[in-house]
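*Asks:* Mind having a look at this structure? Questions to follow.
Chains as they are written, first to last, in my numbering: chain A, 1 to 637; chain E, 1 to 395.
Right under this line is the structure:
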């Protein structure tokens, strides 16, 4: 198919060709109509002028000649009447005859045939009359006055014949002109009639054009517009009919293909969301036992009477519990990263968090991690969770690539500062990016992983980096081991102004809790018990409640400085408790610490009502719990 | 109208079986040949040119038998015929289905009147003797053989001024396209040479030339008389002028028919210089052959007009032999001469129709009734040699 010119594509003419045909057709139509009119009338008029001009010119010249000769004939008649002075008259006649020269050259050939012979005869008669007059003058010069009457009679006869012929020529010429004028009139009428027919045909043709335009352009575009509107409203099951293989047909086909992809992606995203929800629920359920393990092992590890071997084992349990809690927290953070929060970001920390999420695969796939993170990197301005998402994507791609090669498999991560920017490199010794897709690697739905890849990871990562004012590029050449470079602008001083120092959650220092009255609201006994034990060991007076309602009931009789409550509890959860405290004990509501395995379960309103520094994410160590209780207790004055 | 048939091939009765078979074979071959159909060539000329038909018929018969047969249709023209008569004559020719072309008409007026008809009906017209300038542009189907009257008039004027040393010249001209055209050429050349044209006198065949001559000589007293007319009027004018003391006459080509001019001119005949497009004393073989054939058949010397008429008819015959009898193709053949084909070799010289083609003019003086070349002039500079070592133009 020739895409540049006229072409048939599949089942139909290309839209461009149709439009060109319409334009050329309209232009051709105008040319034909006006050309026809101009040609028919113009050629007839031109023919009339061409044929009439020489005839009129010749007739005019011959008439002038005949007029001069007539004058000479009239003068010649005086010769008979006068007795003397004939020589003078003769010389006048000679001069008159000399002026009556034949038209030269005589354009008889250009005169219409009917007129030609008549004018030629007039010319011949004029020449003969001229000759007779010259002879008459000669006779006068020779003094042959007796010959004059006879010669004048011959001249009269020729003159009469000339007049008759001239009149006849005039009559023929007029008839000819009238006939030509009628012919021209007829031609003009016919041309006008033809043009009217053409115009009528054109008027009939307009609806055809409208129908063609509606069928080929308007209807498909309207269907496309309706389809786009439905997609914009979220209906991804839209399919618009494809009638032709022209440009709009191909547009419709691409639209259908796009909606299919969107539908597939939406389903996939739905599965991801469901998995995230499930993961959040599981994490919450895992966090409570983890919290219990960490708290119990922490308590036991600090017991001075514990044997050294048992203390070491308790500390090992404590570390593994903290590790598991960190992993669960990371997972929760990752799946709950939809909310955007701009602030100061430590690139090394985001990279480490990402490494924590994928680190288990290094061991499984025998991947050696080489980390060259420059300390004291300047912070950047952005969203830490979204940057972590970028890092996870780059690391996951590298791990997938490394699985395709035999060990040794090496993965390099590096960060450094350079000219006011923070650089992050993720490189591997895998097979590299195929040349076929290297140029479009950052386009959506382009993947080297076949059906296993969505083709959106790098596209989204680049978008995230660009939103932070940075770039994400493929450093390596196609076929060479892959190396991706992220370049982000370091945060400016004005960016940091007003932003809190909390790059990461507060790490409150532990302090003594003597005299502090704590109400611990927790429905799970295994978790509540070690926390009570630890807080009391720190000197606090601890009361216990199994849920919010229980806590509210106890507050009427107990003086309390700090309340520590779980988020999820039967009958009345932590949020409801907070809401009730704001009504009944506003001061206590400001000294409520909430413990939760998944903060994302807080609604936006509750999240705003509960300051972040009073939200504690499980599992936390007992020291962290004690430090936070001490911090909040200090605000009670 | 006379009708003549140029015949080819033998007409003898075959004798014996072999001769009969050969005759039948020849007949079959002739029947199968496309060009064997007789075709007509129109020939419109004064009666004096009738002998050319017999001469050409004889010449065609002498050629090889593969030549096509031609029917030469002769229509006698009377000099001074009105234009409508010439038009009717041309229309009669154009109506003939087997006509391949026309040679004629004789004078400029007749040829000009007939030419539009031939151009309208797409009949090739070869004009043998007419010299009007209008003929060259009248249409694509008209082909004049001789140079136009401007060239001839210039030749006469130059000869009169330089060779004859004239000081006072009177021009008598027949009052038609030929005469006026020649007059214009002569007066133009004489003006350039500073020779006075003391009188210009129109006349026609129906007039009284003697009176005109007497009055003009008395009035203008010329030393040379130039006459642009045909032989009859020229003879009468020359005789009348001779009787009144004029001794030198220069006349146009139209007058050079000695057998008619000499008796009318009387004692003035040997004082007449006449323009000739061809003279029978040329030494080339084609001219000699034509002159011999003409003399054998007519027992007279051929005239330049006869030679030109012969060339016109033979040119059409050659065209038909070369390209067939289609008129369009014959016209194209004629136009191609001197361009993509060599010029046709005629008795009067190489013939082509390209602008600026070679043209040779001769000035002859009548000596004992026969024209003898005195000046051979080639206005295009092609360097023609004067026949018989005669005096070449020295100006």
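Idealized CB from N, CA, C, for every residue including glycine.
When you check each C-beta in the segment 124–144 of chain A against every C-beta of chain E, which residues fall closer than 8 Å?
*Replies:* Those residues of the segment 124–144 of chain A that come within reach of chain E (Cβ to Cβ, closer than 8 Å) are 124, 127, 128, 130, 131, 132, 134, 135, 137, 138, 139, 141, 142, 144.
*Asks:* If you pair each beta-carbon of the segment 139–147 of chain E with each one of the segment 203–213 of chain E, do three or more pairs fall below 8 Å?
*Replies:* The answer is no - the segment 203–213 of chain E does not touch the segment 139–147 of chain E, with fewer than three Cβ pairs under 8 Å.
*Asks:* To which residues of the same chain is residue 377 (chain A) closer than 8 Å at the C-beta, ignoring the five residues directly before and after it?
*Replies:* Contacts found: 346, 347, 348, 415, 416, 417, 422.
*Asks:* Would you say residue 121 (chain A) faces chain E, with C-beta separation under 8 Å as the test?
*Replies:* Yes, contact with chain E.
*Asks:* What does the alpha-carbon distance come out to for the pair residue 550 (chain A) and residue 577 (chain A)?
*Replies:* Each residue's alpha carbon lies about 10 Å from the other.
*Asks:* Please return the same chain residues whose Cβ sits closer than 8 Å to the Cβ of residue 174 (chain A), not counting the five positions on each side in sequence.
*Replies:* There are no such residues.
*Asks:* So with Cβ pairs under 8 Å, would you call residue 113 (chain A) a contact of chain E?
*Replies:* Closer than 8 Å: yes.
*Asks:* Determine which residues of the segment 208–232 of chain E have a Cβ less than 8 Å from any Cβ of chain A, and write them out in chain order.
*Replies:* Within the segment 208–232 of chain E, the qualifying residues are 208, 211, 212, 214, 215, 216, 218, 219.
*Asks:* DSSP on residue 138 (chain E), reduced to helix/strand/coil?
*Replies:* Looking at residue 138 (chain E) - three-state DSSP - the assignment turns out to be coil, as it is neither helix nor strand.
*Asks:* Quick test of your reading: residue 43 (chain E) and residue 81 (chain E), contact by CB under 8 Å. State the CB separation rounded to the nearest angstrom.
*Replies:* Going by Cβ atoms, the distance from residue 43 (chain E) to residue 81 (chain E) rounds to 15 Å, so no, they are not a contact pair.
*Asks:* Tell me whether residue 150 (chain A) sits in a helix, a strand or coil according to DSSP, three-state version.
*Replies:* Of the three classes helix, strand and coil, the one that applies to residue 150 (chain A) here is helix, per DSSP.
*Asks:* I believe residue 130 (chain A) touches residue 69 (chain A) by the beta-carbon criterion, under 8 Å. Please report the beta-carbon distance rounded to the nearest angstrom.
*Replies:* At roughly 6 Å, the Cβ-Cβ gap stays under 8 Å, so residue 130 (chain A) and residue 69 (chain A) are in contact.
*Asks:* Under 8 Å: do the segment 163–182 of chain E and the segment 87–97 of chain E share three or more Cβ pairs, one atom per stretch?
*Replies:* The segment 163–182 of chain E is not in contact with the segment 87–97 of chain E.
*Asks:* Residues in its own chain within less than 8 Å of residue 224 (chain A) by CB, not counting five upstream and five downstream?
*Replies:* Correct list, in chain order: 240, 248, 251, 252, 255.
*Asks:* Find out if the Cβ-Cβ distance for the pair residue 366 (chain A), residue 431 (chain A) is shorter than 8 Å.
*Replies:* Contact: no.
*Asks:* So, with DSSP's three-state summary, where would you put residue 48 (chain E)?
*Replies:* Helix.
*Asks:* Report yes or no: is there a C-beta of chain D within less than 8 Å of the C-beta of residue 374 (chain E)?
*Replies:* In the structure shown, chain D does not exist; the protein chains are A and E.
*Asks:* Using only the alpha-carbon positions, how far apart do residue 627 (chain A) and residue 293 (chain A) sit?
*Replies:* The alpha-carbon atoms of residue 627 (chain A) and residue 293 (chain A) are separated by roughly 19 Å.
*Asks:* Quick check on this structure: which residue in A:621, A:623, A:186, A:590 has the alpha carbon closest to the alpha carbon of residue 612 (chain A)?
*Replies:* Measuring from the Cα of residue 612 (chain A), the nearest candidate turns out to be A:590.
*Asks:* Measure the C-alpha to C-alpha separation of residue 263 (chain A) and residue 530 (chain A) and round it to an integer number of angstroms.
*Replies:* Rounded to the nearest angstrom, the two C-alpha atoms are 50 Å apart.
*Asks:* From residue 619 (chain A) to residue 228 (chain A), what does the alpha carbon distance come to, in whole angstroms?
*Replies:* Computed Cα separation, rounded: 48 Å.
*Asks:* So, helix, strand or coil for residue 79 (chain E), using DSSP?
*Replies:* Residue state, collapsed to three classes: coil.
*Asks:* Could you check what DSSP says for residue 370 (chain E) in three-state terms: helix, strand or coil?
*Replies:* If DSSP states are grouped into helix, strand and coil, residue 370 (chain E) belongs with the strands.
*Asks:* Mind checking the segment 70–95 of chain E against chain A and listing, in chain order, the residues whose C-beta falls within less than 8 Å of any C-beta there?
*Replies:* Answer set for the segment 70–95 of chain E: 82, 83, 84, 87.
*Asks:* Tell me the start and end of each unbroken alpha helix (DSSP H) in the segment 241–305 of chain A that is at least 4 residues and wholly inside, in chain order.
*Replies:* Taking only runs of at least 4 residues, the alpha helix (DSSP H) segments lying wholly in the segment 241–305 of chain A are 247–301.
*Asks:* Note down the Cα distance separating residue 630 (chain A) from residue 513 (chain A), rounded to an integer number of angstroms.
*Replies:* Near 6 Å, if we compare the C-alpha coordinates of residue 513 (chain A) and residue 630 (chain A).
*Asks:* Kindly examine the ligand SAM and report whether one of its heavy atoms sits closer than 7 Å to the Cβ of residue 161 (chain E).
*Replies:* What this structure holds is no ligand at all, so the ligand SAM is not there to describe.
*Asks:* What does a CB cutoff of less than 7 Å around residue 380 (chain A) pick up in its chain, not counting 5 residues either side in sequence?
*Replies:* Closer than 7 Å at Cβ, skipping near neighbours: 345, 347, 422, 468, 488, 489, 490, 491.
*Asks:* Helix or strand or just coil, what does DSSP make of residue 243 (chain E)?
*Replies:* Reduced to three states, the DSSP call for residue 243 (chain E) is helix.
*Asks:* Using only the alpha-carbon positions, how far apart do residue 185 (chain A) and residue 194 (chain A) sit?
*Replies:* Residue 185 (chain A) and residue 194 (chain A): Cα-Cα distance of roughly 14 Å.
*Asks:* In chain A, what lies closer than 7 Å to residue 203 (chain E) by C-beta?
*Replies:* Under the 7 Å cutoff, chain A gives 131.
*Asks:* Tell me, please, which residues DSSP counts as bridged to residue 67 (chain A).
*Replies:* None, per the DSSP bridge assignment.
*Asks:* My understanding is that residue 168 (chain E) touches residue 223 (chain E), with C-beta atoms under 8 Å, so please give their C-beta distance in whole angstroms.
*Replies:* Between residue 223 (chain E) and residue 168 (chain E) the Cβ distance is about 5 Å, and since that is below 8 Å, they are a contact.
*Asks:* Closer than 8 Å, CB to CB, is residue 116 (chain A) near chain E or not?
*Replies:* Yes, because at least one Cβ of chain E sits closer than 8 Å to the Cβ of residue 116 (chain A).
*Asks:* In its own chain, which residues sit with a C-beta less than 7 Å from the C-beta of residue 506 (chain A), not counting the 5 before and 5 after it?
*Replies:* Any answer about residue 506 (chain A) is weak, because its pLDDT of 42 lies below 50 and its placement is not dependable; what the coordinates show is given next. For residue 506 (chain A), where only same-chain residues beyond five positions count, the Cβ hits under 7 Å are 613.
*Asks:* Assuming residue 373 (chain A) is part of the beta strand (DSSP E), what are its boundary residues?
*Replies:* Run containing residue 373 (chain A): 367–373, per the beta strand (DSSP E) assignment.
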